[in-house]
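> Let me begin by handing over the structure; questions about it come next.
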Amino acid sequence: MWLKQLFSRRRLYGELSEEIREHLEKKIEELVARGMSRKEATYAARREFGNVTLTEEDSRDVWRWPSVEEFLADIRYGLRALRRNPTFTAVALLTIAIGIGANTAVFSVVSSVLLKPLNYPNAEQLVSLHQIAPGAPGLADFESGLHLSPSMYFTYAEHNRAFQSMGVWVTGTASVTGVAEPEQVRTVEVSDGVLQALDVPPAVGRWLSEADQVPRGPQRVMISYGYGQRQFGGDQSIIGRNITVDARPREIVGVTHKGSRLVDTDFDVMVPLAFDRRNLILAGFGFEGVARLKTGFTIAEANADLTRMLPIWMDSWTNGPGTNPHFYETWKITPMIRPLKREVIGNISDVLWVVMGTIGLVMLVACANVTNLLLVRIEARQQELAVRAALGAGWGRMVRGLLVESVMLGLMGGALGAAFAYAGVRLLLAIGPTNLPRLSEISLDARTLGFTVLLAVLSGLFLGLIPALKYAGPRASLALRSGGRAANASRERHRARNILVVGQVA
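Residues in the sequence shown are numbered consecutively from 93, following the numbering used here.
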């Protein structure tokens, strides 16, 4: 039944209007028969019947989904109102778009850098191995802490209960020959377990493995995607070819994916760490550690596991003949494992949130400016609103219509702002600071676009709320009676704008 009514509503509405007209005509004829003139009878019948338009609206509500139909009507009316004043619409759209575009661009950085998980499988399991040594001079600072030594790596790798895999790595530089031009490149040296913990397979070839870590064994190397493009033009047949790294010929066994980094480090060449266990001592604290927690293990449990292994480490290694095997007990070494994401992000988190808050204030100022424009514009529409009120439009309907109009303005500004944000992000990727973590991962993802839509809707509601509450409904009827020239109304309009100006300055 309701489907039939939905598709035949014009006929039904026409029949309703005709029925009301016939009812009025019948009443007029009755009054004329009682001795009234035609004019007096018409006036009396209409006065007795009430507002014809409002009666039709109330009757139609019985047959339809008023919220849907009225909402669509409000959209059409709002679009017509915006088209009638293109200068206002253009200025308002540009103001909103700049505010939303700036917020979207900054939020895309916040989302990509702070909110998104690291680009590794099950990244929440990845941790960075840190430790503090409050008893060691100069090493009490938590941020720098105490790096791992090779002997620690072997002890932890062989005796831990908390990790699926773990390893150590260190950055450096090297001279590469055997290619088109000799070059000084960025290197990372990795132990077995690092790439296994990160669990990111190479684009071509294979990982470096434990067999590549044997001292005086076969010399192997992996290269980055960027280095492969630069030196070999992206040729995938380079697997098995040799390059010379610091005067040592090494066989290329793998190429990383585009954009791959080792934790937070860009590199050109990756070589295996080949430790000779016979020459290792307790010292040598210069290596970063990374691990993947076993399922169900927490960071607190992993810290306790490393603490358990410290005596094993001190009992298994020395600092050479005649040295005190428990010398490092006075350092009070304490494991401080941290999520790998924190290691990658560093101290940028607070800075980004401050920037986000600052840009948010800019958005509020933009909204206040557009609200001022709307207040000025709606003053010119007082007569129009008054006529709508006189024709039976209720207060709620008029408020909703003005809010729909302002939300459409916000959504259109949001669409334009998203385009501005996209251009801003592309510019950031091109010229952004290289020390910004996860720079290459910044994009307008689904979360960012959702934020843009939400911001556009909230901005639209903010824009329209004050004008709608001040000038719709009863005030519109008053404007019709007073011609819109009442001094009190004028003072209130100026007061509303002054409040917005004070808010912007504050």
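Glycine included, every Cβ here is placed at the ideal spot set by N, Cα and C.
1. If you measure between the beta carbons of alanine 215 and alanine 394, is that distance less than 7 Å?
2. Check the DSSP bridge columns for serine 220 and list the partner residues they point to.
3. Whose CA, out of Gly438, Ala184 and Ser283, lies closest to the CA of glycine 505?
4. Have a look at Phe512, Asp166, Leu456 and Met314 and flag the residue whose alpha-carbon is nearest the alpha-carbon of leucine 541.
5. Compare the Cα-Cα distances from leucine 557 to each of Glu281, Ala375, Leu466 and Val446 and report the closest residue.
6. Taking the CB atoms as reference points, tell me whether valine 454 and alanine 197 lie closer together than 7 Å.
7. Between the C-alpha atoms of leucine 546 and isoleucine 192, what's the straight-line distance to the nearest angstrom?
8. Assign alanine 272 to one of three DSSP states: helix, strand, or coil.
9. Using DSSP bridges, identify the partner residues of valine 363.
10. So, under 8 Å CB-CB, isoleucine 315 and valine 347 are touching, yes? Tell me the CB distance rounded to an integer number of Å.
11. Count the other C-beta atoms from every protein chain shown that fall within 10 angstroms of the C-beta of histidine 222, then say buried if there are 16 or more, exposed otherwise.
12. Helix, strand or coil for arginine 469 per DSSP?
13. Where valine 363 and isoleucine 437 are concerned, what is the direct C-alpha to C-alpha distance, given to the nearest angstrom?
14. If you check the beta carbons only, do arginine 312 and valine 277 fall under 7 Å apart?
15. For the alpha helix (DSSP H) containing asparagine 371, list its first residue and its last residue.
16. Helix, strand or coil for threonine 612? Go by DSSP, reduced to three states.
17. Identify the continuous beta strand (DSSP E) that holds isoleucine 315 and give its terminal residues.
18. Would you please state the rounded distance, in angstroms, between the beta carbons of isoleucine 335 and valine 296? I believe it to be under 8 Å.
19. Kindly give me the distance between the Cβ atoms of alanine 289 and methionine 258, rounded to whole angstroms, as I take these residues to be in contact under 8 Å.
20. For the pair the stretch 362-379 and the stretch 241-250, tell me if three or more CB-CB distances fall below 8 Å.
21. Near tryptophan 405, what residues of its chain come up, given a Cβ to Cβ distance below 7 Å and the 5 sequence neighbours on each side ignored?
22. Strictly by DSSP, which residues pair up with alanine 266?
23. Residue range of the alpha helix (DSSP H) that phenylalanine 199 falls in?
24. Give me the Cα-Cα distance between proline 310 and threonine 263, rounded to the nearest whole angstrom.
25. Which word fits glycine 127, buried or exposed, when buried means at least 16 other C-beta atoms lie within 10 angstroms of its C-beta?
26. If you drop the 5 nearest sequence neighbours on each side, which residues of the same chain put their C-beta closer than 8 Å to that of leucine 503?
27. Need the endpoints of the alpha helix (DSSP H) that methionine 244 sits in, please.
28. Figure out for me which residue from Val201, Val282 and Thr415 has the closest Cα to the Cα of valine 599.
29. Quick check on this structure: which residue in Ser441, Val499 and Leu164 has the alpha carbon closest to the alpha carbon of proline 529?
30. With distances taken from CA atoms, which of Gly509, Ser535, Gly524 and Val499 is nearest alanine 560?
31. Are leucine 116 and alanine 136 touching if we call contact CB-CB under 7 Å?
32. Can you check which of these residues, Val219, Thr410, Ala266 and Glu111, is closest to glutamate 380 by C-alpha distance?
33. Between alanine 189 and leucine 508, is the Cβ-Cβ spacing less than 7 Å?
34. Should alanine 194 and isoleucine 470 be called a contact, given that it needs their Cβ atoms to be closer than 7 Å?
35. So which of Asp304, Leu300, Val271 and Asp338 has the shortest CA-CA distance to tyrosine 319?
A quick look at the data gives this:
1. no
2. Val382 and Arg430
3. Ala184
4. Phe512
5. Leu466
6. no
7. 10 Å
8. coil
9. Glu281
10. 6 Å
11. buried
12. helix
13. 25 Å
14. no
15. No alpha helix (DSSP H) contains asparagine 371, which DSSP labels as neither H nor E.
16. Within the shown structure, residues of the chain are numbered from 93 to 598, placing residue 612 beyond reach of any answer.
17. 312-315
18. The Cβ separation is near 15 Å, so there is no contact.
19. 6 Å
20. yes
21. Ser243, Met244 and Thr247
22. Val277
23. 178-202
24. 21 Å
25. exposed
26. Val545, Ala548, Val549 and Gly552
27. 242-251
28. It is not possible to answer for residue 599, since the shown part of the chain is limited to 93 through 598.
29. Ser441
30. Val499
31. no
32. Val219
33. yes
34. no
35. Val271
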